[in-house]
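Taking it in order: structure first as structure tokens, then the write-up.
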Amino acid sequence: MHQTSTAVRPEGGHRGPADVHRVPATTTTPVGSLSTTRSLLRLLRWARPVVPRMILGTLTSLGASVLALLVPQVLRALVNGPLLGAGSRAAVVGAAAVVLLLGVLEAFLVWCRRALVAMPGTGAENDMRRALFGHLLDQPLAFHDRWSGGQLLSRSMSDLNVVRRWLIFALVMLVVSVTTVVVGLGLMFWTAWQLALVYLVGAVPVLVLGFSFRERYKVVARRARDQQGDLAGRVEESVHGIRVLKAFGRGEDALEDFVRQADELRGTEIEKARTLSRVSLALGAIPELALAVSLVLGVWLASQGQVSVGALVAFFATAAVVNGPVERIGALLAMTLDAKAATDRFVEVMDTPSTVVDPPHPVPLPAPGPRGSRVELRGVRFWHPGSPQAPVLDGVDLVLEPGTTTALVGLTGSGKTTLLQLVPRLADVSGGQVLLDGVDVRDLTRADVRAAVSVAFEDPVLFSASVRENVLLGLPDEPAGPDAAERERILAQALDVASAGFVARLPEGVQTRVGEEGLSLSGGQRQRLALARAVAARPRVLVLDDPLSALDVTTEAAVTARLREVLRGTTTLVVAHRTSTVALADRVAVLEDGCITGVGTHRELLATHPHYRFVLTAMRDEPVLPDEGDEPDEHDEHGGPDEHGGPGAHGEVRP
Numbered sequence: 000m001h002q003t004s005t006a007v008r009p010e011g012g013h014r015g016p017a018d019v020h021r022v023p024a025t026t027t028t029p030v031g032s033l034s035t036t037r038s039l040l041r042l043l044r045w046a047r048p049v050v051p052r053m054i055l056g057t058l059t060s061l062g063a064s065v066l067a068l069l070v071p072q073v074l075r076a077l078v079n080g081p082l083l084g085a086g087s088r089a090a091v092v093g094a095a096a097v098v099l100l101l102g103v104l105e106a107f108l109v110w111c112r113r114a115l116v117a118m119p120g121t122g123a124e125n126d127m128r129r130a131l132f133g134h135l136l137d138q139p140l141a142f143h144d145r146w147s148g149g150q151l152l153s154r155s156m157s158d159l160n161v162v163r164r165w166l167i168f169a170l171v172m173l174v175v176s177v178t179t180v181v182v183g184l185g186l187m188f189w190t191a192w193q194l195a196l197v198y199l200v201g202a203v204p205v206l207v208l209g210f211s212f213r214e215r216y217k218v219v220a221r222r223a224r225d226q227q228g229d230l231a232g233r234v235e236e237s238v239h240g241i242r243v244l245k246a247f248g249r250g251e252d253a254l255e256d257f258v259r260q261a262d263e264l265r266g267t268e269i270e271k272a273r274t275l276s277r278v279s280l281a282l283g284a285i286p287e288l289a290l291a292v293s294l295v296l297g298v299w300l301a302s303q304g305q306v307s308v309g310a311l312v313a314f315f316a317t318a319a320v321v322n323g324p325v326e327r328i329g330a331l332l333a334m335t336l337d338a339k340a341a342t343d344r345f346v347e348v349m350d351t352p353s354t355v356v357d358p359p360h361p362v363p364l365p366a367p368g369p370r371g372s373r374v375e376l377r378g379v380r381f382w383h384p385g386s387p388q389a390p391v392l393d394g395v396d397l398v399l400e401p402g403t404t405t406a407l408v409g410l411t412g413s414g415k416t417t418l419l420q421l422v423p424r425l426a427d428v429s430g431g432q433v434l435l436d437g438v439d440v441r442d443l444t445r446a447d448v449r450a451a452v453s454v455a456f457e458d459p460v461l462f463s464a465s466v467r468e469n470v471l472l473g474l475p476d477e478p479a480g481p482d483a484a485e486r487e488r489i490l491a492q493a494l495d496v497a498s499a500g501f502v503a504r505l506p507e508g509v510q511t512r513v514g515e516e517g518l519s520l521s522g523g524q525r526q527r528l529a530l531a532r533a534v535a536a537r538p539r540v541l542v543l544d545d546p547l548s549a550l551d552v553t554t555e556a557a558v559t560a561r562l563r564e565v566l567r568g569t570t571t572l573v574v575a576h577r578t579s580t581v582a583l584a585d586r587v588a589v590l591e592d593g594c595i596t597g598v599g600t601h602r603e604l605l606a607t608h609p610h611y612r613f614v615l616t617a618m619r620d621e622p623v624l625p626d627e628g629d630e631p632d633e634h635d636e637h638g639g640p641d642e643h644g645g646p647g648a649h650g651e652v653r654p
């Protein structure tokens, strides 16, 4: 699946000082259209540190091949001398000793080659994998919306395994095989040029078959790698949505889709094997046929005295050495084309430019005021790159005064989540500015922006780690961050603010591992831990994308009240889907069709703004009923309804 991306130059709206260094729109040549050599040469960017050892390993292999080619010349001297003449037994033993020594040296050089190239190959693979993961982390959210997780996983794992195997084996052996064939043919011409001409005639159909094989195999190799990525994506998607598949009884349908894709991949792999087997058969048969003709001609020439018996023995012994590399070239070429497909897929990701980058000359983050930071959205416009649809946001003007809580209200699809993503610079505006304490966020480093702005998303994402690690994720590590005692205090306060008293009843408390994506916890428990994580980061600006939607109204009110008490020095922007949340905000901003159409208090807008009243009628504060057996939280007099309820509410026990 070939993905392309272009950076977008902000247009329209207000321009600030950061506009002078925006990433320009770029286009790139599709990497799949590059030749095999040009594609694989792009690996030098990551393999350059190991090139010296790779060259040394190749030289040792060439040395081993040269030693193998010397053996026939020793045999030639042996046959023409001691065996056919009046040579002594000592001469025969000496020749045998030379052959044995050459064999031992050849084996030693082969061992050296393996020792030299194995470690550099794995090192290059590790560097490429690290670079790919770092590049993925550097990409904006829009990139991950376009790419399948399975495709990215396949490119970071199996594709790089293919590249590593090519580096440590196929690349070296391809160079050695070609060199061995060329040197061997030279020796064959020197030994018996008439026979070498016959052998060389067989190279013509071999070359024709090789070019034909390359074009066919290149296409099917790329298709196989893409299908592997699609299959990995199917598995990843099904595992992620296993609860939905089971709940709706669609497991058989998911299995059928998986089997269909697996069968397609199997068919492609069989096509690869058939293509390779045909060329391998030809590469094995044609040289042998040429040798058979050479043998007949050689016997006749020897009988005529035009070629010595020793030369005849040396010629066919050399041909035996040359035939091995000729037969291997098909498999080595197949591995090379597989590596090209894998490299193209890797480079496609690495060539995707990040549209959210640090400025070349970042501005220091201003110190916050006593009540927090001031956030201003000035003429903000945003549209998705390449989308023919109207802008998601069009001329948004909004000011968040320090220490205030602003509720963002609007119908589904009005652009609320997109607006929230612009404040922590998870995406860049297409026009206008987002100002943090008077500085365009694009003039700040991303690290500074995200240290100042903390986010809790509507869909809470937890990692397969302990509760402690998840909640304290936003804090810098020691020594830059707080010490151990301070971290414990922050952890306790964050859990208290989020009404997460259920953590104390987990098997290992804050050390309990919550499982992949936190799915061992109920939805409300995950949301409260995500909120605690945002609070623990001690941000200047807190951005909440309806983070309490899984809680009942009473627990939500308690959490919100604690938030307002603890985060007095924090500026808060929250997407509100409940009137209870709206009423607790200092101000309300109404977002309608990508524009802010009203800002004021809840009462003011209720009296003067028809669309606001319409949005409120769409809100329904339906309290979440507690599961049977729920008990009040000893730390929360309101007793959140899902303190104990929900599958896996006790967390995942650390193995």
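Each residue of the sequence shown is one higher than the one before, counting from 0 in numbering that gives the first Met the number 0. Cβ coordinates follow ideal geometry from the N, Cα and C atoms, glycine included. All of these numbers come straight from a predicted model, not from anything done at the bench.
Would you mind reading off the limits of the beta strand (DSSP E) that contains Q226?
-> Per DSSP, Q226 belongs to no beta strand (DSSP E); it is in the alpha helix (DSSP H), 202 to 239.
Per the contact definition of three or more C-beta pairs closer than 8 Å, is the region 183 to 201 in contact with the region 353 to 366?
-> Because the criterion of three Cβ pairs below 8 Å is not met, the region 353 to 366 and the region 183 to 201 do not touch.
With a 10 Å radius around its C-beta and 16 neighbouring C-beta atoms as the bar for buried, classify M334 as buried or exposed.
-> Buried, by the Cβ-count rule.
Going by the beta-carbon positions, is the gap between V320 and L68 smaller than 8 Å?
-> Contact flag set, yes.
Name, in chain order, the residues that DSSP records as bridge partners for T405.
-> According to DSSP, T405 bridges with L572, R586.
Can you tell me the Cα-Cα spacing of S176 and H134, whole angstroms?
-> Those two C-alpha atoms are separated by around 37 Å.
With a Cβ-Cβ cutoff of 8 Å, do L104 and L66 count as a contact?
-> L104 is a Cβ neighbour of L66, given a cutoff of 8 Å.
Answer yes if the region 446 to 462 comes into contact with the region 531 to 538, meaning at least three C-beta pairs across the two stretches below 8 Å, and no otherwise.
-> When C-beta atoms of the region 531 to 538 are compared with those of the region 446 to 462, three or more pairs fall below 8 Å, so the two segments count as touching.
Touch check for the region 580 to 597 and the region 398 to 409: three-plus C-beta pairs under 8 Å?
-> Per the Cβ contact rule, the region 580 to 597 is in contact with the region 398 to 409 (3 or more Cβ pairs under 8 Å).
State the beta-bridge partners of S453 as determined by DSSP.
-> According to DSSP, S453 bridges with L541.
Once you ignore the five residues that flank G122 on each side, which residues in its own chain have a CB closer than 7 Å to its CB?
-> Answer for G122: V49, listed in chain order.
Sub-8 Å separation of G102 and T317 beta-carbons = Result no, Cβ atoms of G102 and T317 do not sit closer than 8 Å.
Three-state secondary structure (DSSP) at T596?
-> Of the three classes helix, strand and coil, the one that applies to T596 here is strand, per DSSP.
Thinking just about the alpha-carbon of each residue, which of Q510, T511, R525 is nearest to the one in G517?
-> G517 has its Cα closest to that of R525, out of Q510, T511, R525.
Exposed or buried, what is W165 when buried is set at 16 or more other beta-carbons lying within 10 Å of its beta-carbon?
-> Buried, by the Cβ-count rule.
Going by the CB atoms, is the gap between L392 and G378 shorter than 8 Å?
-> L392 is positioned such that its CB atom lies no closer than 8 Å to that of G378.
Mind checking whether P354 and P506 have CB atoms under 8 Å apart?
-> The sequence shown places Thr at residue 354, rather than the Pro named in the question. No, the Cβ-Cβ distance between T354 and P506 is not below 8 Å.
From the DSSP output, in three-state form, read off L39 for me.
-> Here L39 sits in helix by DSSP.
Please go through the same chain and pick out, in chain order, the residues whose beta-carbon is closer than 7 Å to the beta-carbon of T444, but skip the five residues on each side of it.
-> Cβ neighbours of T444 beyond the five flanking positions: D357, P361.
Which class does V379 belong to by DSSP, given the choice of helix, strand or coil?
-> Strand at V379.
Apply the 10 Å Cβ neighbour rule to D458 and answer buried if 16 or more other Cβ atoms are within range, or exposed otherwise.
-> Around the CB of D458, fewer than 16 other CB atoms lie within 10 Å, so the residue is classed as exposed.
What are the uninterrupted segments assigned as alpha helix (DSSP H) that are 4 or more residues long and contained completely in the region 465 to 545, given in chain order?
-> Counting only runs of 4+ residues, the alpha helix (DSSP H) found wholly inside the region 465 to 545 occupies 466 to 470, 483 to 496, 522 to 535, in chain order.
Compare the beta carbon distance of V312 and R163 with 8 Å and say whether it is the shorter of the two.
-> For the pair V312 and R163, the CB atoms are not nearer than the 8 Å cut-off.
Might you give, ordered along the chain, the residues of its own chain that have their beta carbon closer than 7 Å to the beta carbon of P423, omitting 5 neighbours on each side?
-> Apart from sequence neighbours up to five positions away, the residues of its chain that approach P423 with a beta-carbon distance below 7 Å are V448, R449, V452, V454, V542, ordered along the chain.
Which stretch, first to last residue, makes up the beta strand (DSSP E) that contains Q432?
-> Residues 430 to 435.
Where does D252 land, buried or exposed, given buried means 16+ other C-beta within 10 angstroms?
-> Exposed: under 16 other Cβ atoms inside 10 Å.
Determine the closest residue to T351 out of F142, S147, L494, F247, with distance taken between C-alpha atoms.
-> Checking every option, the nearest Cα to that of T351 belongs to F142.
Determine the extent of the alpha helix (DSSP H) in which L280 is found, giving its start and end residues.
-> For L280, the uninterrupted alpha helix (DSSP H) run begins and ends at 250 to 302, by DSSP.
Quick one: give me the first and last residue of the beta strand (DSSP E) that G394 is part of.
-> 392 to 399 is the extent of the beta strand (DSSP E) around G394.
Can you give me the Cβ contacts of E268 inside the same chain, cut-off strictly under 8 Å, excluding the 5 residues immediately before and after it?
-> A distance below 8 Å between beta-carbons, with the five flanking residues on each side excluded, links E268 to the following residues of its chain, in chain order: A223.
Note down, in chain order, each residue of its chain lying with its Cβ closer than 6 Å to the Cβ of P367, except the 5 sequence neighbours on either side.
-> So the list reads R539, once near-sequence residues are dropped.
V181 - containing alpha helix (DSSP H), residue span | Membership of V181 in the alpha helix (DSSP H) is indicated by the continuous run 170 to 190.
Secondary structure at G368, three-state DSSP: helix, strand or coil?
-> Reduced to three states, the DSSP call for G368 is strand.
Taking buried to mean at least 16 other C-beta atoms within 10 Å of its own C-beta, is P71 buried or exposed?
-> So P71 counts as buried.
Which residues in the same chain as L434 place their Cβ atom closer than 6 Å to its Cβ, once the five residues preceding and following it in sequence are excluded?
-> Cβ neighbours of L434 beyond the five flanking positions: E375.
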